[in-house]
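Trainee: Each residue of the sequence shown is one higher than the one before, counting from 7 in the numbering used here.
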Amino acid sequence: MVATVLRIRFRVLGNTLVRSPIQMVGFIFGVIGALWMLLLAGVGLFFVGTLDLDIARSVVTTAGALLTLGWVVGPIFAAGLDTTLDPAKLAPFPMTTRQMMVAITAGGLTGVPGITTAVGSLAVFLVWARYPVAAVAALVCVPLGVVICVVASRAVAALAAGIGGGRRTREIIGLVGFVLVIFASPIFVGITGAVVSASEQGVQLQALVTGLSWTPIAAAWAVPGDLAAGAWITGVLKLVIAAVTLAVLWWLWRRSLSASVVGPPARTATRRRSGSLGWFGVMPSNPVGATWARSLTSWTRDFRYLRQLLLIPFAPVLVLIYSRGDIDGPFFAASGLLVGFFAGILAYTDVSYDGTAFATVLQTGIRGRADRLGRMLGSATVSVPLVLLADVVTIAIAGKWELLPAVVGGSMGLTLVGLGVSAVSSALLVVPTPAPGDSPFKRVPGSTFTMFLAFFLCWALVAILALPAVIPAVLAIFAGATGAGWVSLGIGLVWGAVVFAGGVLIGGTRFDASAPRLLAQLRTFKGA
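#1: Determine the contact status of Ala412 and Gly486, defining contact as a CB-CB distance below 7 Å.
#2: What does the alpha-carbon distance come out to for the pair Gly231 and Ser262?
#3: Would you kindly report the start and end of the unbroken alpha helix (DSSP H) that includes Ile110?
#4: Using a 10 Å radius around the Cβ and a threshold of 16 neighbouring Cβ atoms, would you call Gly120 buried or exposed?
#5: Just to confirm, is the Cβ distance from Trp305 to Val388 under 7 Å?
#6: Measuring CB to CB, does Val162 end up less than 7 Å from Val54?
#7: In chain order, what residues of the same chain lie with their CB nearer than 6 Å to the CB of Val11, ignoring the 5 residues before and after it?
#8: Does the region 417–429 come into contact with the region 505–525, if we say contact requires no fewer than three beta-carbon pairs (one atom in each stretch) closer than 8 Å?
#9: Is Met457 helix, strand or coil by DSSP?
#10: For Gln527, does the count of other Cβ atoms within 10 angstroms reach 16, so buried, or fall short, so exposed?
#11: Measure the C-alpha to C-alpha separation of Gly241 and Ala62 and round it to an integer number of angstroms.
#12: Using DSSP with H/G/I as helix, E/B as strand and the rest coil, what is Asn292?
#13: Span of the alpha helix (DSSP H) holding Leu317?
#14: As a quick exercise: from Val24, Val18, Gly76, Tyr137, pick the residue whose alpha carbon is nearest that of Lys2.
#15: Here's the rule: buried if 16 or more other CB atoms are within 10 angstroms of the residue's CB, otherwise exposed. What is Gln369?
#16: Please state if the CB of Arg313 and the CB of Gly514 are separated by a distance shorter than 7 Å.
#17: Near Ile318, which residues of its chain fall below 8 Å by C-beta distance, leaving aside the five closest residues on each side in sequence?
#18: Less than 7 Å separating the beta-carbons of Val148 and Val130?
#19: Find the nearest neighbour of Phe33 within the set Phe458, Ala71, Ala265, judged by alpha-carbon distance.
#20: Is Asp58 helix, strand or coil when you go by DSSP?
#21: Can you grab the Cα-Cα spacing for the pair Gly20 / Met30, in whole Å?
#22: Would you give the residue range spanned by the alpha helix (DSSP H) that Gly236 belongs to?
#23: Could you work out which residue in Thr400, Leu467, Gly380 is closest to Pro336 when comparing CA atoms only?
Okay, structure coming up:
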């Protein structure tokens, strides 16, 4: 049964790539990137094998820990897990939960990331070639470490998607998991900075690596080095830790699948107050107002939109950690600009979240300009207050109120310009997105390259168009030109409004011309 499911998986993958040339190009670029990474890993580990044993042990242990963390954190920053073998799709098959888990694990190992990890891990044998005992131990520990990577990613994804219950419960649990994982990267950067500082102060880095080797993410990779050094007892204990880690992850994953797939779906009933129209009762009764109300409802109630808003608090935290906690410097005070940069571009592919329900939008006969304006006003209603709040809070913490005009001007310019760019980009392209209630880790094979290319092209365009507002803000913040801050405030509001209006006009024209094509693409994603 597992072999049959894998054959179906590759058939679906092939059909998906053949049907979408853009995804085929993305898949090819992914393979090329994987081959480049394999080359770097092979060359690097070959030279590590020529170094002293203690250095080799530290490098392999640290690299193994980073690899495991990458499999857990990677789905957030690499657009998700390949869900061709999604548990919900496998549920109708006559499979036990164990068989389903084995099939999903095998699918993870036979995808591009899985093959890259497995083949790259074989380069570890180049390090232990001089130590027969370590090489023999690696025959067990390297596959164990690779399987832990795959199972850990699937277990975390399943837990983030929710452990059963109603859709709202799953979405809340998924949002909490998303928060924990998205902030794992800056936390890791902070920990790394603390390690570097400790080593500069005389703390032995080897002692830190030794402590890391006892953790679940590194234990399997540390065993061969311990045996090579003659530390048989510690090697065996770390092997036990690795085996227990895999067993616990497998158990957590099994419970999650049993609750969400095997268990009966929970049904919830929501009582609505009679006569309540929500935002539709507040906004104007015209096409722009209706679209504005629908967009604002999505931004305040749809967890797929709410997950994007997490980038707003993420930006100041990222700046704070990279600056090693320096709240008095100009970088933290200027973090509001990064918030505006993130917030403006969140709606760059807003139509994608409509899914096939986008057909109902077209049935209304709405004009493109009204749709663009309504969607961007909905995004602005949420993002602009949050950006202003972030500006005020970061300036208050830094105690640099004289920089407030510059930060507000720069951040508002970036936000409004980003909304203008999004008004055009979301009328030109759609990308595969999770359905309502789905895991934030989901993706369609080959879509990662397309999403990142579109995202960074939009970011680059925003960065260029917002320069008239950003340059005076930077001069005020980093060069002490206080007057430039007020210039930035004026330019940011005026120029941002001009770009916003231009984006709505251009995007509206493109929407009228390309809306049927967008719907056809969305239906393709639905069938993938």
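We put the CB at the ideal spot given by N, CA and C, even for glycine.
Mentor: Looking at the coordinates:
#1: no
#2: 35 Å
#3: 103–115
#4: Per the 10 Å Cβ criterion, buried.
#5: Contact flag set, yes.
#6: No Cβ-Cβ contact shorter than 7 Å links Val162 with Val54.
#7: Ala109
#8: The answer is yes - the region 505–525 touches the region 417–429, with three or more Cβ pairs under 8 Å.
#9: It is helical.
#10: buried
#11: 16 Å
#12: coil
#13: 317–328
#14: Since the first residue shown for the chain is 7 and the last is 534, residue 2 is missing from the structure and cannot be characterised.
#15: exposed
#16: no
#17: Correct list, in chain order: Val345, Phe348, Ala349, Ser389, Leu392, Val393, Ala396.
#18: yes
#19: Phe458
#20: coil
#21: Computed Cα separation, rounded: 9 Å.
#22: No alpha helix (DSSP H) holds Gly236; DSSP gives it neither H nor E.
#23: Check the Cα spacing between Pro336 and each of Thr400, Leu467, Gly380: the tightest is with Thr400.
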